[in-house]
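Numbered per the working numbering, the sequence shown spans residues 23 to 151.
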Amino acid sequence: MPKYILNDKLDIEPLISARNFLKKALQEAKTELEIAGTIQAFEICYELAWKTCRKILSLRGTHVYTSKEVFRIAGLEGLIPNAEPWFDYVEKRNITVHEYYEKIMEEVYPILPQFLKNLDILIKNLKKL
23 MPKYILNDKL
33 DIEPLISARN
43 FLKKALQEAK
53 TELEIAGTIQ
63 AFEICYELAW
73 KTCRKILSLR
83 GTHVYTSKEV
93 FRIAGLEGLI
103 PNAEPWFDYV
113 EKRNITVHEY
123 YEKIMEEVYP
133 ILPQFLKNLD
143 ILIKNLKKL
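See the structure below:
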């Protein structure tokens, strides 16, 4: 597997590996415990995605500090085609930190297939840099 390092400064392999794990988890999750693990894989992918975008924007001279602002500018700069879904992922990530388990299962797990599709687009665009 090729190693993806952007401008000798940013290794996106951890993001790719986390994405692969999330995809496998989504395909195989059947029990409550497996679903909980899949949600945790989402959390990891989300954190890596926004921090990778923030680093790229920083390398380009744009310094932003909140995830919503990072995704807004990432949309403007073509890293993602549309920031709106990512704003929803920000909210879903916040749910995983602040809400009770049943609400997490109800609100977060159903959006994971679409999150994976959007993450794939981001990774594809990152590989072009």
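From the three backbone atoms N, C-alpha and C, an ideal C-beta is built for every residue, glycine too.
Exercise. Does the beta-carbon of residue 115 have 16 or more other beta-carbons within 10 angstroms, so that it is buried, or is it exposed?
Worked result: Residue 115 sits buried, since 16 or more C-beta atoms from the chains shown fall within 10 Å of its C-beta.
Exercise. Just checking my contact of residue 65 with residue 56 at CB under 8 Å: how many whole Å lie between their CB atoms?
Worked result: 15 Å between Cβ atoms; not a contact.
Exercise. So, are the CB atoms of residue 34 and residue 148 less than 8 Å apart?
Worked result: Yes, these two residues count as a Cβ contact at 8 Å.
Exercise. Where does residue 32 sit, in a helix, a strand or coil, going by DSSP?
Worked result: In the three-state DSSP reduction, residue 32 falls in the strand class (E or B).
For this session: Would you mind giving the Cβ-Cβ distance between residue 32 and residue 81, rounded to the nearest angstrom? I have them listed as a contact below 8 Å.
Result: Yes, they are in contact, since the Cβ atoms of residue 32 and residue 81 sit about 7 Å apart, within 8 Å.
Exercise. Excluding the five sequence neighbours on either side, which residues of its own chain have a C-beta within less than 6 Å of the C-beta of residue 23, listed in chain order?
Worked result: Bear in mind that the predicted position of residue 23 carries a pLDDT of just 42, short of 50, making it too unreliable to give a figure here.
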